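Engineer: Have a look at this one.
Protein chains in written order, with the working numbering: chain S, -7 to 535; chain G, -7 to 535.
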């Protein structure tokens, strides 16, 4: 039996596109004499469809599109993920299902049992857990078909009370097929391989695993679908960050392939962000980006990634100097735009700032310069960038990094503006690493941008280090609090200074109101701000 | 046995305040010879604690605070909601528990079985469902103690496979105690009574139900805790929208009390919004609000509600006229501020707008006036309001209504700014009703504001009706799509015009990117924008 894994970039709710992609992959696989093609979890609807799942109309369209795909399954079968209705009067309205398509129709449905409901996952919000297990017979083989999480509870500390693969083993299957929606973070591909191998180690069956590829707003799917032989050896690894289709002969699987496609953390983050920006624009039907270029590292890295994603000619940089901008800022920003070959323009904010100052003078009276005046500058820039966005149909890219977003070091409705945050899940120390990675062959980001001390340039001679600790220390504390969910005493016991830890954790918590209003952030870590981290605003904890 | 229901306003993460409130209520109840005091679900932590539940430190503090409350339980017992650790290696890390406090210690724990995971609820994200049922014996009575949802599956179409009260009945309890966190929407109090009565109808036991009161950012708890005798008659209904403590003698319950505390929809929404604004400021430690007053109905109603919540003297109105503002706008706005007795100031945006225009001229060239210029005006106002907010420590109130938020009729980083959206869950037709309700005794909101046609006044002679259908029709379509999750064909079949339905639904879906960045919205309906409605941004469904 020849099994093809089809790793495609779906678009949520775009049934026509999803269905046509699958029909074309089935035709492709058929030409190569495949017997079976496997597609990802909820492929027909895109993942995650979120609350569209509560619309009967949406569910009906999923079913109809799957029927269309089934029509092309003549002389070849397919496994396709879709939501289906729970016909019982008890339980949630839907199942998260794998449809087995053959002879032009939907022949069987297998439902998911283990419903991830943590971090960015909300599956129990929509789906009833399956409790009825069966294998699918096809061409004399018993296929143990499962959906994503159903083969992930392979350890000792289990999140769930049942092990679906143990149930399926009662029917003596001959192959494991898993359709998945396993979003990227920089450690996920390695984890995924470990889990797949653990399944083969335990069940001694060949395993075929089909993942999504492509970005759905903040969620990035890196692909990297996998195949293992019954001896736990990797025999197939589909491309990362791009569509792919590969064929495997179940009766003649290789002994082992090289296990080396997985690049290192910074390269992974870079490629994921490029895909994230590119897909966001493609799926919304936009071509051109605009961003404010300060001469600093965050906007420089954002721009280099956007240029890679969209083409340098489609990224419009705007330099927005004020009286506090340093001598080198404009030159560094211009050098970057020139290195990339991107269009750029300069708009000074001095006269706009002064017009705000003049109108506010009777109301501010003679009160001293505070953060209010700093923010007016950042917000004047925000208005100008949005004006260009509105006039020319550009999407504004947000340039905030995770460190500053964490401690609230940014201006709401100012530099926190944008349709998409590119670096919002990248700590400042990693932004520097990204810059060096981007410069690995030649200078794209001016070295002066990388080497000078970070500054918001909103008052004379301002430096980030005036009000924040060194980023190495700040980021390490933030990582323990955000990614590792450690409390203050645990972090202090790691050797960080008590007052500093308390100050940083307080800053994080009192900034929730700001993060609530930030753009979606491309997720590259195990705990990104956004849909996977849900915090109260009026709380009083560590604050 | 004398049972007290204590209905308190908790503060998420503020253990000291929550614990002291409970200790003081226990002292109060003891003075009145109560044997038992019941507090709400997750009372010790505040509801919803959201991802703070993932912090071990947070869970430990919950336990310690509960131990503190237990120390005051001498000669009196209490039931207190808190998260507790699941000691098994299988399942989620926590239970959602009711602690039985007596003789100075935590004597027993009862865990919640049915974990609401829909709309604004995320309980399966954190909690393992309980499967082990037992009653609690106290002073010769068997108490069937349960947590919120555990008594809500009383119907035929059940969301869950088990009925916890059926399990508890096996031990022949003599009274039902339910601790709850049942957030307000304008139909919820009536639903709650129906469900409580259905339980007594089925189990023939007296029932005591303790709810939260007070706002936690967007979630509003209306209180209205309940007591029923074994004959299904209402014998206690605690106050709505305020703290309350009432005592009931189990051996001498009244035959029935009047069941008339429940006001009508618009009055309910009004009182809920007043509480929502008041608590948001109190819990964040702020006193004063600022808002832009246009002379239109949305900002007028927002201001009247804020004045009621915070005191008129604490609400600063800013009139921000442009060249497109109509003759009556300034007068209507001034009349409102004067009627309320609130401070107001006028800042014209003409010169600021012109300075943006001048700087953008070389970039915009001679392109025609578009939405870009409209938005500059709205954003200039946003910058001015935030400048006052930053300078004087005011919180900016957002004045958008649900209809315009739904169709994206608002400027991101402009009039969509604010720390809190007061009317974001109120359709425009209900905003008019609220205005009339506010004017029920005398004219607070100028009748001219209520009677003139709505306009954004961002270009000459603009009216909402130029680009939107009548609000009666728009709101009816939106209600079917948002609250009822009906698809296009279902809505068209109700008699709405096909092109209009398709256009409205498309506007809703393509505006998700804007709503992603809006402030938290006080929730008064069954489906508010925000945490209870989770939509993809890059999707292509009905768009």
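Glycine included, each C-beta is placed from N, C-alpha and C at the ideal position.
Computed from a predicted model, the values in this text were never measured in an experiment.
(1) Tell me which residues share the same chain as residue 455 of chain S and place their Cβ nearer than 8 Å to its Cβ, disregarding the 5 neighbours each side in the sequence.
(2) Buried or exposed: residue 247 of chain S, going by 16 or more other Cβ atoms within 10 Å of its Cβ?
(3) Output yes if chain S places a C-beta closer than 8 Å to the C-beta of residue 390 of chain G; else output no.
(4) Could you tell me the distance, in whole angstroms, from the CA atom of residue 181 of chain S to the CA atom of residue 228 of chain S?
(5) Could you tell me the boundaries of the alpha helix (DSSP H) in which residue 519 of chain G lies?
(6) Decide yes or no for the touch test of the stretch 379 to 394 of chain S against the stretch 405 to 413 of chain S: beta carbon pairs closer than 8 Å, at least 3 of them.
(7) Can you check the stretch 111 to 196 of chain G for any beta strand (DSSP E) of at least 3 residues that lies completely inside it and give the ranges in chain order?
(8) Establish whether the CB of residue 407 of chain S and some CB of chain G are separated by less than 8 Å.
(9) What does a CB cutoff of less than 6 Å around residue 538 of chain G pick up in its chain, not counting 5 residues either side in sequence?
(10) What are the boundary residues of the alpha helix (DSSP H) that includes residue 18 of chain G?
(11) Select from the stretch 326 to 345 of chain G all residues with a C-beta closer than 8 Å to any C-beta belonging to chain S, and list them in chain order.
(12) Which residue wins for smallest C-alpha separation from residue 50 of chain S, given the options S:63, S:34, S:62?
(13) Which word fits residue 196 of chain G, buried or exposed, when buried means at least 16 other C-beta atoms lie within 10 angstroms of its C-beta?
(14) Does residue 3 of chain S come within less than 8 Å of chain G when only Cβ atoms are used?
(15) Kindly indicate which residue of S:338, S:105, S:81, S:123 has the alpha-carbon position closest to the one of residue 88 of chain S.
(16) Please return the same chain residues whose Cβ sits closer than 6 Å to the Cβ of residue 527 of chain G, not counting the five positions on each side in sequence.
(17) Which residues in chain S sit within 9 Å of residue 352 of chain G, going by Cβ to Cβ distance?
(18) Apart from the five residues just before and just after residue 402 of chain G, which ones in its own chain have a Cβ nearer than 6 Å to its Cβ?
(19) Does the pairing of the stretch 20 to 27 of chain S with the stretch 94 to 104 of chain S give three or more beta-carbon distances under 8 Å?
(20) Take residue 236 of chain G and list the residues in its own chain whose beta-carbon comes closer than 6 Å to its own, dropping the five residues that flank it on each side.
(21) Go ahead and label residue 157 of chain G buried or exposed: buried means 16 or more other beta carbons lie within 10 angstroms of its beta carbon, across all protein chains shown.
(22) Run through DSSP, which three-state label would residue 103 of chain S get?
(23) Can you say whether residue 486 of chain S is buried or exposed, counting buried as having 16 or more other CB atoms within 10 angstroms of its CB?
(24) Tell me whether residue 443 of chain S is buried or exposed, calling it buried when 16 or more other Cβ atoms sit within 10 Å of its Cβ.
(25) Counting only runs that start and end within the stretch 34 to 103 of chain G, where is the beta strand (DSSP E) found for 3 or more residues in a row?
(26) So, helix, strand or coil for residue 286 of chain G, using DSSP?
(27) Have a look at residue 512 of chain S and residue -3 of chain S and give me their C-alpha separation to the nearest angstrom.
(28) Flag this pair as yes or no: are the beta carbons of residue 515 of chain S and residue 177 of chain S separated by less than 8 Å?
(29) Just how far apart, CA to CA, sit residue 450 of chain S and residue 369 of chain S?
(30) Let me confirm a value: residue 294 of chain G is counted as buried when at least 16 other C-beta atoms fall within 10 Å, else exposed. Which label applies?
(31) Would residue 320 of chain S and residue 426 of chain S be called neighbours here (beta carbons separated by less than 8 Å)?
(32) Under 7 Å Cβ to Cβ from residue 78 of chain G, same chain only, skipping five residues before and after it: list those, please.
(33) Go ahead and label residue 271 of chain S buried or exposed: buried means 16 or more other beta carbons lie within 10 angstroms of its beta carbon, across all protein chains shown.
(34) Which residue or residues does DSSP assign as beta-bridge partners of residue 337 of chain G?
(35) Tell me whether residue 319 of chain S, by its Cβ, gets closer than 7 Å to a heavy atom of the ligand ATP.
(36) At a CB distance below 7 Å, what residues from the stretch 257 to 275 of chain G approach chain S? Give them in sequence order.
Structural biologist: Reading off the structure:
(1) Excluding positions up to five away in sequence, the list reads 445, 446, 447.
(2) Residue 247 of chain S should be labelled exposed.
(3) Residue 390 of chain G does not count as touching chain S.
(4) Computed Cα separation, rounded: 14 Å.
(5) Annotation for residue 519 of chain G: no alpha helix (DSSP H) segment contains it, and DSSP assigns it neither H nor E.
(6) When Cβ pairs closer than 8 Å are counted between the two stretches, the stretch 379 to 394 of chain S is seen to touch the stretch 405 to 413 of chain S, the count reaching three or more.
(7) Within the stretch 111 to 196 of chain G, the runs of beta strand (DSSP E) at least 3 residues long that lie entirely inside it are, in chain order, 128 to 130, 133 to 139, 167 to 171.
(8) For residue 407 of chain S, the answer is no, since every Cβ of chain G falls outside 8 Å of its Cβ.
(9) With chain G running from -7 to 535 in the structure shown, residue 538 of chain G is simply not present.
(10) From DSSP, the alpha helix (DSSP H) with residue 18 of chain G extends over 7 to 23.
(11) Per Cβ criterion, the list reads 337, 339, 340, 341, 343, 344.
(12) Per the C-alpha coordinates, the member of S:63, S:34, S:62 positioned closest to residue 50 of chain S is S:34.
(13) Residue 196 of chain G is classed as exposed because its beta carbon has fewer than 16 other beta carbons within 10 Å across all chains shown.
(14) With respect to chain G, the C-beta atom of residue 3 of chain S has a partner C-beta closer than 8 Å.
(15) Nearest option by C-alpha distance: S:105.
(16) 504, listed in sequence order.
(17) What residue 352 of chain G touches in chain S: 339, 376, 379, 380, 383.
(18) Excluding residues within five positions, the ones whose Cβ falls inside 6 Å are 392, 396, 408.
(19) Not touching, per the Cβ criterion.
(20) Answer for residue 236 of chain G: -1, 230, listed in chain order.
(21) The residue is buried, with at least 16 neighbouring Cβ atoms inside 10 Å.
(22) Looking at residue 103 of chain S - three-state DSSP - the assignment turns out to be strand.
(23) Residue 486 of chain S is exposed by the Cβ-count criterion.
(24) Exposed: under 16 other Cβ atoms inside 10 Å.
(25) Listed in chain order, the beta strand (DSSP E) elements of length 3 or more contained wholly in the stretch 34 to 103 of chain G are 69 to 77, 86 to 94, 97 to 103.
(26) DSSP places residue 286 of chain G in coil when its eight states are reduced to three.
(27) As the crow flies, the alpha-carbon of residue 512 of chain S is around 31 Å from that of residue -3 of chain S.
(28) The answer is yes: Cβ separation under 8 Å.
(29) Distance between residue 450 of chain S and residue 369 of chain S, taken at the CA atoms: about 7 Å.
(30) Buried is the call here.
(31) Taking the C-beta atoms as reference points, residue 426 of chain S is found no nearer than 8 Å to residue 320 of chain S.
(32) Excluding sequence neighbours, residue 78 of chain G sits near 84, 85, 86, 87, 120.
(33) Sixteen is the threshold: when 16 or more other Cβ atoms of the shown chains lie within 10 Å of the Cβ of residue 271 of chain S, as they do, the residue is buried.
(34) According to DSSP, which records beta bridges pairwise, residue 337 of chain G is partnered with G:310.
(35) Within the structure as shown, the ligand ATP is missing, as the structure has no ligands at all.
(36) Correct list: 272, 275.
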